[in-house]
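These notes concern the structure reproduced below.
Protein chains in written order, with the numbering used here: chain A, 1 to 263; chain B, 1 to 83.
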């Protein structure tokens, strides 16, 4: 597999570039980048952007068959060895770590020190505040903002936690320190705050807990959440049992939810 | 008329009124679209029904092709509450 490096690209001699790598015009690959086999980096990207402060690790790992689309900037100290796919104009700050098959939509802004589990999907224009901790199989839709400062500009660093299987719909804001437990679901334009219990559905500016995901149904298709059982084909086969287990766990949480929660 | 119709109608009215969407009596034949009753509202209705009846709705027991009207919602809840 021969590499295809554009003549106008600048590749540091210290960077490690695998086989079958494509690098587009005017892209810069800095010293600490480790680019695995089969990676495509499109035009005008900056890979391994250096910072002038200490990091636990300065290496930037771009995993096998990753695809970084044009105008994206990824800082040093990040680990995407499990494969990352980005849209255009994505920015990922230092010390961010993701599990396998990380999918990041166009114009995303991921501030530093974030962790993501496996198979996380972010649609376009998502802002992920510094230090956010996001589990596996999480979906963040367009214009979602994860905040981290309760009293800006004091830089108090109170990041959010989103556990496995959480869905945050279009335009929602997750307030500093909010915790969304497994499989919880924020409807569009919600302002999530406090702790959202497992499988809960929240909506509105006060994150009113209106129901449980296992009672969310599409009236036309009659498909019902949790979503995992309807989306298996989108995930690698070796993740299916994990997804189904998560789905069962979330569905089972309705028993406690119904009995204990006063709506 | 479905068994829990009265209760379901009352809860739909409560849910919609709280959102400022509806103040009149809900008609059994009304389409959900016309009264602004959405999936999120349905989720709330189900949880309230479970609390009211003390029983868990069994979605898998329901064989309905789609839900379009208030009547369909009532039918759904009835089937889901069947033993």
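Built from N, CA and C at the ideal position, the CB exists for glycine as well. The structure displayed is predicted, hence computed values, not measured ones.
Exposure of residue 226 (chain A), with buried meaning 16 or more beta-carbon neighbours within 10 Å: buried
Residue range of the beta strand (DSSP E) that includes residue 10 (chain B): No beta strand (DSSP E) holds residue 10 (chain B); the alpha helix (DSSP H) holding it covers 5 to 18.
Range covered by the beta strand (DSSP E) that runs through residue 60 (chain A): 60 to 62
Given 8 Å, three or more beta-carbon pairs between the region 205 to 215 of chain A and the region 230 to 245 of chain A: no
Contact set between the region 199 to 230 of chain A and chain B, restricted to residues whose Cβ is under 7 Å from the partner: 201, 203, 210, 211, 212, 215, 216, 217, 218, 219, 220, 222 and 224
Among A:84, A:80 and A:57, nearest to residue 69 (chain A) - alpha-carbon criterion: A:84
8 Å Cβ cutoff met for residue 166 (chain A) and residue 175 (chain A): no
Interfacial residues, the region 171 to 187 of chain A to chain B, with Cβ spacing under 7 Å: 187
Residue ranges of each beta strand (DSSP E) within the region 44 to 95 of chain A, 3 or longer: 46 to 49, 60 to 62, 73 to 75 and 84 to 86
Identity of the residues DSSP links to residue 116 (chain A) by a beta bridge: A:98 and A:134
Residue from A:93, A:249 and A:30 with nearest C-alpha to residue 10 (chain A): A:30
Cβ contact (3+ pairs, closer than 8 Å) linking the region 36 to 43 of chain A and the region 16 to 24 of chain A: yes
Assigned secondary structure, residue 55 (chain B) (DSSP; H/G/I helix, E/B strand, else coil): coil
DSSP state of residue 103 (chain A) mapped onto helix, strand, coil: strand
Assigned exposure category for residue 58 (chain B) - 16 Cβ within 10 Å defines buried: exposed
Proximity below 8 Å, CB of residue 146 (chain A) to CB of residue 135 (chain A): no
Any C-beta of chain B under 8 Å from that of residue 255 (chain A): yes
CB contact check: residue 17 (chain B) to chain A, cutoff 8 Å: no
4-residue-minimum alpha helix (DSSP H) runs that sit fully inside the region 178 to 261 of chain A, ordered along the chain: 240 to 260
Between the CA atoms of residue 44 (chain B) and residue 46 (chain A) - distance to the nearest angstrom: 47 Å
Contact list for residue 12 (chain B) against chain A, beta-carbon separation under 7 Å: Those do not exist, as residue 12 (chain B) stays about 14 Å from chain A at its closest Cβ, beyond 7 Å.
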